[in-house]
Amino acid sequence: MNAVVKRGIYLLFSIYFLVTFYVQAAPPIHNKSLGNMVRHTWNGNVLTGITDQGNFRISIYSANIIRLQISQDTTFGNFSYAVINGPVNTNVTFSDKGDHLLLSTDSIELYISQKPVRFRMVNKQGRVINEDDAAFGTSWLGEEVTTYKKLQEGERFIGLGEKTGNLDRRGQAYTNWNTDYFAYPVNADAIYMTTPFYIGIHHGLQYGIFMDNSSKSHFNFGASNNRFSSFTAEEGEMNYYFIYHTHVAGIIESYTSLTGRMKLPPLWSLGLQQSRYSYYPDSEVLRVAQTFRDKKIPADVIYLDIHYMDAYKIFTWDKKRFPDPKRMTDALKAKGFHTAVILDPGIKVEKGYAPYDDGIAQDVFVKYPDQSYYTGEVWPGWCHFPDFTNPRVRNWWAGAFHGYVQDGIEGFWNDMNEFATWGQSTPNLLEFDFDGHKATHRTARNVYGLNMTRSTFEGTQKLLNGKRPFLLTRSGYAGIQRYSAVWTGDNVASDEHMMTGVRLVNSMGISGIPVTGMDVGGFTGDGSKELFARWITIGAFSPFFRVHAKENSRSQEPWSSGELVEATARNFVNLRYRLIPYIYVAFYEAATTGIPVSRSLAITNTHDALTYDTRYQNQFFFGPSILVAPGESTRDYYKVYLPDGDWYDFYNDKYFATREEIVSEASTNHLPLFIKGGSIVPMQSVVQNLSEQPADTLYLHVYFGKNNNTFTYYEDDGSTYSFEKGEYLKRTISYQAGSRTLTLGKAEGSYTSKFRKVKVYLHGFSALPKGIRIDKKPEIIRKEVYKTELQTIPVQTFVLDHNAHQQIVSW
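Just so you know, we're using our numbering here: the sequence shown kicks off at 212 and counts up by one.
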């Protein structure tokens, strides 16, 4: 045997030995669950436990909220970008029952079995709300930690934010990993936003679970199994909040009490917003604005996409296209338009470019572990990216908006903040400050957009000197509602995308994000005229109402698709502007309670099976009273479900009884709308923009119903934060069905209304009353016609003094 052969045989044996050794030496990967209790400590509102395979800590946040942390370490994290409020004083009792521990609040009882440690939540009537899978509970596979929950019979799941698919997520699984996904399919996952909060529903009960771990996560609602639902974090501790309430609305309020609520945006942001990728030069921007005014189509905002910049570089202007930005924004403001600009986080690597030079000097950019700067390619070319998880960097970015504010910009559109780079494969070894807690891209990615948007909000709010900025973002994490509206990214001009967008908006509302919308008309692709007409009617009932289109696609200004579509757009935009007092109240409610503006029927009709029927799952309430039934543009008729209550066709006051399934007209210029009986809907005269003063009369539409109802009217200056100092007007308006009275409660606050009179319209009352009494003074009622471009309805009206104290009307 020659030497070469001997060496080859020796090498083969060496490789075999090494492989065999390492295979035998490597520990097997297997499921390891939270084991048997070793000891526990109770200190009054926190229970700490040590098991033979892990550790847990349970904190009582309120009577309705319990936080559970489960880890293989002996310490637990307390830092969160999402949760901004801590525990409140709560009545809670603790007892050791031997085989289990029991924590009890006024709303929930938590049973903790000791061998092994598993968690079961029960209401005060002894009914199981939610419980761990008996075998698996919370388990680890390497770094990955998963909590397995027993699937209850007939259990449904809603929420999880910006996720495609059906309203009921049973049988589906989802991943949270913020992703730039151009022209995403209607079943795509993941896309731009992470909100790891969902609501489970079964047997007349409902609960919420918010897993606050920003690493890549996975939620399984019985996909590929019939045993459990589960939620997984790829690294870090299991950290989730369990929320119980007798109504879904209460769960949303509790969740937003943890993660915060929106601040009231400027009133002008409630109007129509017009965008294109891109409007340039400045003369084209002004032409579009003037066309809105010439055609009497109300609008309030025009967007500038990336072509306003010099070579796509943030904080610059293309001086050929926009030689004098302040002059342009002043001209737009004279026409009643506010200007919003796009913001991308990538800072071009270019010496002499001030943000780059200053960023290097201030050391603000994301780095590799060897402390060299990460460089990724995006619109300007090769770029560095600010580490927005560093408070010092957030301050640096916040201070960079002086130029924009001086140029008259009041709207700030945060885009590409997943963050996006060409290739879509940002290295996971990148290092982030994470507010002093140091993390890699694996943990920081999902909160990058949140922190960019937070920094933008804090900077512009300060620079605007008391005026409210408007912010929009594509990416974010739980808590994004504190800073910004959200839109659903680069959608496609198709009926499927339009209907998917409706569900995305409603799901984000369930998940604590109340101001959301989609690119009306579709961002990419050429849709039909009928599609655009249907989409703009639906958009008029979205919290965030923006038309947007990509370059080299069909123009999507309201007049671009012919006279019929233009007329339809004008009618529905006018209707939205008439409804501004009602819409602003819905925004106020979102700011104070977290209840969204667009409300899936699952919020109010949670246990009605038809709510989740795929024929009706897209229906939603816009505010408390208006039921919107969207449908594809290819259908002139489709079925509508009217849940519990009395109902009136918005267009002709036709009455429908409770729980009816009807066939409704749905032609190009007719979106099915219904008003719930007992509703109180305030309206105003049409204006061309929301800086324009409406007529001095507030129109109050009251719909007959069998049940009493109250409506809290709210008004402020719509521009500043003076309402925080008491400069607002608020009054409760009550409808009493039995006594046929309408009570306008005493006005609160120091703000003087823009309206002097209130004109009340009565809808659906069976007999024309002979007269009315206002504060015991007889008045003669008169029959009148209520008329808009959309409807002509005979109604009964009378006029009240809006500035008077409490007034009681009976008839």
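Positions of the beta carbon are idealized from the N, C-alpha and C atoms, including for glycine. Fair warning: this is a prediction, and the values are worked out from it, not measured in the lab.
Assigned with DSSP and collapsed to three states, Glu707 falls in helix. Around the beta carbon of Glu621, 16 or more other beta carbons sit within 10 angstroms, so the residue counts as buried. Comparing alpha carbon positions, the residue from Asp568, Pro492, Thr406 closest to Phe533 is Pro492.
Boundaries of the alpha helix (DSSP H) around Phe783: 774 to 789. Taken through DSSP and simplified to helix, strand or coil, Lys968 comes out as strand.
Distance check between Thr952 and each of Leu909, Phe885, Trp1022 places Trp1022 closest, using alpha-carbon atoms only.
Scanning Asp701, Arg781, Ala797, Tyr852 for the CA closest to the CA of Leu1001 turns up Arg781.
Burial state of Asn387 is buried, judged by a 10 Å Cβ sphere holding 16 or more other Cβ atoms. When C-beta atoms of the region 840 to 847 are compared with those of the region 744 to 759, three or more pairs fall below 8 Å, so the two segments count as touching.
In the DSSP assignment, Asn702 falls outside any alpha helix (DSSP H) and carries neither an H nor an E. Segment contact: the region 533 to 543 against the region 598 to 610, fewer than three CB-CB distances shorter than 8 Å; contact not assigned.
DSSP places Gln383 outside both helix and strand once states are collapsed to three, so it counts as coil.
Burial is judged here by how many other beta carbons sit within 10 angstroms of a residue's own beta carbon; Gly415 has fewer than 16 and is exposed. Going by DSSP, Met729 is part of no beta strand (DSSP E) at all; its letter is neither H nor E. Under the three-state reduction of DSSP output, Thr667 falls in the helix class. In the three-state scheme derived from DSSP, where H, G and I count as helix and E and B as strand, Tyr659 is classed as helix. The C-beta separation of Asp511 from Asn918 comes to about 36 Å, leaving the pair out of contact by the 8 Å criterion. In this structure, Ala293 places its C-beta atom within 8 Å of the C-beta atom of Thr470. Three or more beta-carbon pairs separated by less than 8 Å are not found between the region 620 to 638 and the region 273 to 282, which leaves the two stretches without contact. Around the beta-carbon of His1013, 16 or more other beta-carbon atoms lie within 10 Å, marking it buried. Assigned with DSSP and collapsed to three states, Asp317 falls in coil, not helix or strand. The Cβ atoms of Ser426 and Gly447 lie closer than 8 Å to each other. Leaving aside the five residues that flank Glu774 on each side, none in its chain has a CB nearer than 7 Å to its CB.
Between the alpha carbons of Val716 and Leu352 lies a gap of roughly 35 Å. Per DSSP, the unbroken beta strand (DSSP E) holding Pro893 starts and ends at 891 to 894.
Nearest in C-alpha terms to Val1020, of all of Glu995, Glu777, Gly975, Lys970, is Lys970.
Annotation for Ile261: Val249, Arg250 place their beta carbon closer than 6 Å to its own, counting only its chain and skipping 5 residues before and after. A contact between stretches requires three or more CB pairs, one per stretch, nearer than 8 Å, and the region 489 to 504 fails this requirement with the region 826 to 840. Per DSSP, the continuous alpha helix (DSSP H) segment holding Ile747 begins and ends at 740 to 750. Per DSSP, reduced to three states, the secondary structure at Gln635 is coil, with no helix or strand assignment. Beta-bridge annotation (DSSP): Lys850 is paired with Val874. The beta carbon of Ile508 lies closer than 6 Å to those of Pro769, Arg781, Val784 in the same chain, with the five residues before and after it left out. As DSSP reads the structure, Pro597 sits in a beta bridge with Phe576. For Pro893, the number of other beta carbons within 10 angstroms of its own is at least 16, and it is reported as buried.
Around the beta-carbon of Lys559, 16 or more other beta-carbon atoms lie within 10 Å, marking it buried.
Fewer than three beta-carbon pairs drawn from the region 394 to 406 and the region 326 to 334 are found closer than 8 Å, and the two stretches are therefore not classed as touching.
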